[in-house]
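A.B. asks:
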Amino acid sequence: MKILFACSELYPLIKTGGLADVAYNLPLALSRLGHQVRIVLPAYRSLLNELGHLRAVVAFSTRIDGYRLSLLKINLENTAIPVYLIDCPELFDRSGGPYGEDREHGWPDNAKRFALFCRMVTLIAMDQADQSWQPDIVHCNDWHTGLVPLLLATAKPRPRTLFTIHNLAYQGLFDEEEFKALKLPEMVDGKRLWDYRAVEFYGQMSFMKAAIVFSDAVNTVSAGYAREVLTEQFGCGLEGLLQSIGPRFSGIANGIDNRLWDPGNDQLIDTVYGTSSLHRKVFNKLALQEAFFHARNSERLVLGVVSRLTPQKGFDLLLEALPLIMQMPVDILLLGSGDQKLEKAFKQAALKYPSRIEVKLGYDEKIAHLVIAGADALLIPSRYEPCGLTQMYAQRYGTIPVAQGVGGLADTIIDIPPFSEDIADATGVLFWQYSSSALVEALQRLEFVYSNRLLWRDLQRAGMCEDFSWESSAKEYAQLYKSLLVAQR
Ligand code: ADP
Ligand code: GLC
């Protein structure tokens with residue numbers, strides 16, 4: 037099959053979260069299964085800087101809505117996968133992140149930016165840009181690609197479309213004036229666009245809703261989250277629509293990059309190790325403590341964090357629970373960046389609990405690997421989690437995830453039974469209520485196992501033996517694509 041994978045971030049060129057990892061690993065896994073995959077994303081300034089010496093070839097140029105857009109073509113680093121970059125300096129050549137000047141403020145013209153991106157994706161999909169390659173499937177990801185299924189809905193002959201929801205909370209909402217400025221057709225496939233049955237969502241335009249309505253299929257990134265978003269609690273107002281599309285909606289879990297996240301061959305950590313040399317993991321703990329200017333102590337239970345700091349990730353709960361957690365013999369080493377309020381609160385916590393909590397604000401690939409390898413446990417108190425990757429990295433490194441039992445976290449972590457020496461095949465600690473007391477209780481259970489070296493080793497080894505590779509998920513995606521092509525006939 038020929039698959040065009042449309043996304044707004046791509047590891048290692050531009051990344052704010054797990055979407056970038058998926059955009060790299062799923063196409064790679066699909067191509068290993070023999071499929072022809074091409075990736076398309078905007079040519080942000082930081083991405084072009086990252087490319088440096090790699091010369092991109094201009095494959096096509098056009099003018100849409102007064103903007104000059106060019107299609108650049110490169111090969112994804114160390115692979116044969118072609119990557120299209122949509123270049124339009126007026127829209128994408130800016131300092132700051134892909135979505136805004138910083139993580140909290142979106143660019144004011146985001147509707148225009150991503151609508152034009154979607155239009156260019158549609159041209160590639162219809163073989164009108166880089167000619168002589170028409171995909172069978174266009175796989176769209178998150179709201180930034182949300183207009184592609186709509187624009188392709190009535191094209192002929194058209195590829196089938198799959199839309200993957202990585203996070204339902206970010207929907208691409210814009211006011212009616214901005215909708216009008218996009219000059220979309222009034223009717224598509226017999227549906228009036230400015231209508232609650234199409235793109236209108238409580239008086240605003242929703243890119244996410246457009247995608248759900250007009251895609252041939254929709255999925256999200258774990259079976260658990262696929263169930264949860266059908267409820268009012270997790271559905272962000274779209275639960276009714278998702279319920280209504282029935283079997284057109286499913287869940288397929290993400291995998292992880294086993295090559296990049298391999299404790300036996302990780303160039304970014306202090307000491308490599310594996311299930312039969314777990315005693316060497318402690319050197320990473322000492323290196324981690326040193327990197328955080330923390331006293332070196334091999335015995336102390338170290339809780340690590342590697343995360344975006346946003347309300348989704350539940351760190352308000354951790355902050356609330358700190359007075360109780362600080363009565364336990366544990367230290368916290370946190371790497372994260374995001375909301376200024378949360379960043380400030382953790383900086384203050386580090387001042388309040390000197391030599392117990394250390395905080396590094398920022399995005400740092402090397403430190404992330406060191407935390408995952410060096411911490412004893414990884415804290416992931418997410419309010420909701422479509423899939424989550426770090427809990428899988430942690431398990432691979434014999435680092436115990438402590439997480440709320442939601443979405444992909446509940447699907448990929450096997451909880452230890454409370455205060456029992458029979459931990460069977462458990463791989464982590466889950467708590468089932470979003471409350472600071474539930475988090476504290478989970479940490480007490482963690483501490484109980486930590487105090488028994490043999491049990492702790494069993495828990496570590498069980499996680500390290502889990503298979504989170506992309507292969508099986510890629511096969512599920514291929515199956516889903518195939519079903520869309522069969523349904524077309
Ligand atoms: P989300 O996409 O919601 O942020 P995921 O767990 O799916 O959550 O993916 C997060 C990705 O971003 C992981 O690869 C994780 O290692 C990485 N990451 C998050 N915060 C940082 C950080 N401050 N520094 C380095 N990597 C980070
Ligand atoms: C989103 C979700 C995260 C998921 C990632 C990749 O950022 O928050 O749970 O793992 O997308 O699908």
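This note's numbering applies: residue 37 is where the sequence shown begins, and numbers increase by one. All C-beta atoms in this analysis are idealised placements derived from N, C-alpha and C, irrespective of residue type, glycine included. Since the model is a prediction, treat every value here as computed from it, not as a measurement.
1) Using the C-alpha atoms, what's the distance from M244 back to Y238?
2) Is it buried or exposed, W468, if we count other Cβ atoms within 10 angstroms and call 16 or more buried?
3) Quick check: is any heavy atom of the ligand ADP less than 7 Å from the C-beta of C423?
4) Measuring from the CB of H202, is there a heavy atom of the ligand GLC at a distance below 7 Å?
5) Let's see if you can read the secondary structure: which residues bound the beta strand (DSSP E) around T98?
6) Flag V235 as yes when its Cβ comes closer than 7 Å to any non-hydrogen atom of the ligand GLC, and as no otherwise.
7) Output yes or no for whether 8 Å exceeds the beta carbon distance between P195 and V174.
8) Could you tell me which of Q240, D231 and V265 sits nearest to N203, measuring between CA atoms?
9) I117 bridges to which residues according to DSSP?
10) Could you give the distance in angstroms between the alpha-carbon of L62 and the alpha-carbon of A510?
11) I want to check one thing, is the minimum distance from the CB of G54 to the heavy atoms of the ligand GLC below 7 Å?
12) Rounding to the nearest angstrom, what Cα-Cα distance links P453 and Y470 in this structure?
13) What are the boundary residues of the alpha helix (DSSP H) that A413 is part of?
14) Taking the continuous beta strand (DSSP E) assigned at P299, which residues delimit it?
15) For M241, report the span of its beta strand (DSSP E) as first-last.
16) Do E401 and L304 come within 8 Å of each other at the CB atom, strictly closer than that value?
17) Among residues of its own chain, excluding the 5 on either side of Y389, which ones have a beta-carbon nearer than 6 Å to its beta-carbon?
18) Following the continuous alpha helix (DSSP H) through S509, name the residue where it begins and the one where it ends.
19) Output the boundary residues of the beta strand (DSSP E) element that contains R392.
20) Please work out which residues of its chain come closer than 7 Å, Cβ to Cβ, to L387, disregarding the five sequence neighbours upstream and downstream, and give them in chain order.
21) Could you please give me the residues that DSSP links to D451 through a beta bridge?
22) In the structure shown, what three-state DSSP assignment does Y486 receive?
23) Tell me the rounded alpha-carbon separation between A56 and T190.
24) Looking only at C-alpha atoms, which of A92, V366, C124 and N111 sits nearest to T98?
25) For F328, which residues in the same chain have their Cβ closer than 7 Å to its Cβ, ignoring the five residues on either side in sequence?
26) To the nearest angstrom, how far is it from the Cα of S82 to the Cα of M223?
27) How about A65 and F41: do their beta carbons lie closer than 8 Å?
28) Can you tell me the Cβ-Cβ gap for L127 and R155, rounded? I've got them flagged as a contact below 8 Å.
29) Less than 7 Å between the CB of R344 and some heavy atom of the ligand ADP, yes or no?
30) Can you check whether the CB of L159 is closer than 8 Å to the CB of L121?
31) Please tell me whether A357 and V465 are closer than 8 Å, where the distance is taken between their beta carbons.
32) If you run the structure through DSSP and keep just helix, strand and coil, what is K192?
33) Do the region 318 to 328 and the region 438 to 446 meet, that is, are 3 or more Cβ pairs less than 8 Å apart?
34) Please classify C501: is it buried, with 16 or more other beta-carbons within 10 angstroms of its beta-carbon, or exposed?
35) Would you call the region 277 to 284 and the region 205 to 214 in contact, with 3 or more CB pairs under 8 Å?
36) The ligand GLC heavy atoms versus the CB of V341: any closer than 7 Å?
C.D. replies: So, from the data block:
1) By one-based count along the sequence shown, residue 238 stands at place 202. By one-based count along the sequence shown, residue 244 stands at place 208. If you take the alpha carbons of Y238 and M244, they lie about 13 Å apart.
2) What you label residue 468 is simply residue 432 of the sequence shown in a count that begins at 1. W468 comes out exposed.
3) Looking up residue 423 in the sequence shown gives position 387. Yes, since a heavy atom of the ligand ADP falls inside the 7 Å radius drawn around the Cβ of C423.
4) The sequence position of residue 202 within the sequence shown is 166, counting from 1. Yes, the ligand GLC has a heavy atom inside 7 Å of this Cβ.
5) As a position in the sequence shown, residue 98 is number 62, starting the count at 1. T98 -> beta strand (DSSP E) spans V93 to I100.
6) Here residue 235 refers to the residue found at position 199 of the sequence shown. Result no, Cβ not under 7 Å from the ligand GLC.
7) Along the sequence shown, one-based indexing puts residue 195 at 159. Along the sequence shown, one-based indexing puts residue 174 at 138. Yes, they are a contact pair.
8) In the sequence shown, residue 203 corresponds to position 167, counting from 1. Checked all of Q240, D231 and V265; the closest Cα to N203 is V265.
9) The sequence position of residue 117 within the sequence shown is 81, counting from 1. Under the DSSP definition of a beta bridge, I117 lacks any partner.
10) Translated into positions along the sequence shown, residue 62 becomes position 26. Translated into positions along the sequence shown, residue 510 becomes position 474. Approximately 6 Å, taken between the alpha carbons.
11) The residue given as residue 54 occupies position 18 in the sequence shown. Yes.
12) For the purposes of this step, residue 453 is taken as residue 417 along the sequence shown, with counting starting at 1. For the purposes of this step, residue 470 is taken as residue 434 along the sequence shown, with counting starting at 1. Taking the straight line joining both Cα atoms gives about 19 Å.
13) As a first step, residue 413 is located in the sequence shown; it is residue number 377 there, counting from the start. Counting along the chain, A413 falls outside any alpha helix (DSSP H), though it belongs to the beta strand (DSSP E) covering A413 to I416.
14) Along the sequence shown, one-based indexing puts residue 299 at 263. Run containing P299: none; DSSP gives neither H nor E here.
15) By 1-based counting over the sequence shown, the position of residue 241 is 205. M241 -> beta strand (DSSP E) spans Q240 to S242.
16) Within the sequence shown, the letter at position 268 stands for residue 304. Within the sequence shown, the letter at position 365 stands for residue 401. For L304 and E401, yes; Cβs fall inside 8 Å.
17) Against the sequence shown, residue 389 aligns to sequence position 353. Closer than 6 Å at Cβ, skipping near neighbours: M362.
18) Looking up residue 509 in the sequence shown gives position 473. For S509, the enclosing alpha helix (DSSP H) stretches over residues E507 to Q524.
19) In the sequence shown, the residue the question calls residue 392 occupies position 356. Element bounds for R392: n/a, residue is neither H nor E.
20) Taking the sequence shown and counting its residues from 1, one reaches residue 387 at position 351. Excluding positions up to five away in sequence, the list is empty.
21) Indexing the sequence shown from 1 puts residue 451 at position 415. Paired residue(s): G464.
22) Taking the first residue of the sequence shown as 1, we reach residue 486 at position 450. Judged by DSSP in its simplified three-state form, Y486 adopts helix.
23) Here the question's residue 56 lines up with position 20 in the sequence shown. Here the question's residue 190 lines up with position 154 in the sequence shown. Straight-line Cα distance between these residues: approximately 30 Å.
24) As a position in the sequence shown, residue 98 is number 62, starting the count at 1. Nearest C-alpha to T98: C124.
25) Taking the sequence shown and counting its residues from 1, one reaches residue 328 at position 292. L369, E394 and K396, listed in sequence order.
26) Counting from 1 along the sequence shown, the entry for residue 82 is found at position 46. Counting from 1 along the sequence shown, the entry for residue 223 is found at position 187. Between S82 and M223, the C-alpha separation is close to 37 Å.
27) As a first step, residue 65 must be located in the sequence shown, where it is residue number 29. As a first step, residue 41 must be located in the sequence shown, where it is residue number 5. The answer is no: Cβ separation not under 8 Å.
28) Residue mapping note: residue 127 aligns to position 91 of the sequence shown, counting from 1. Residue mapping note: residue 155 aligns to position 119 of the sequence shown, counting from 1. The beta-carbon separation of L127 and R155, rounded to 12 Å, does not stay under the 8 Å limit for a contact.
29) In the sequence shown, the residue the question calls residue 344 occupies position 308. Because some heavy atom of the ligand ADP lies under 7 Å away, the Cβ of R344 counts as near it: yes.
30) Translated into positions along the sequence shown, residue 121 becomes position 85. Translated into positions along the sequence shown, residue 159 becomes position 123. No. Outside cutoff.
31) On the sequence shown, residue 357 is found 321 positions in, with the first residue counted as 1. On the sequence shown, residue 465 is found 429 positions in, with the first residue counted as 1. For A357 and V465, no; Cβs fall outside 8 Å.
32) Stepping through the sequence shown from its first residue, residue 192 is reached at position 156. Three-state result, K192: coil.
33) no
34) Translated into positions along the sequence shown, residue 501 becomes position 465. Answer is exposed; the Cβ neighbour count stays below 16.
35) Touching, no.
36) Residue mapping note: residue 341 aligns to position 305 of the sequence shown, counting from 1. Checking the Cβ of V341 against the ligand GLC gives no.
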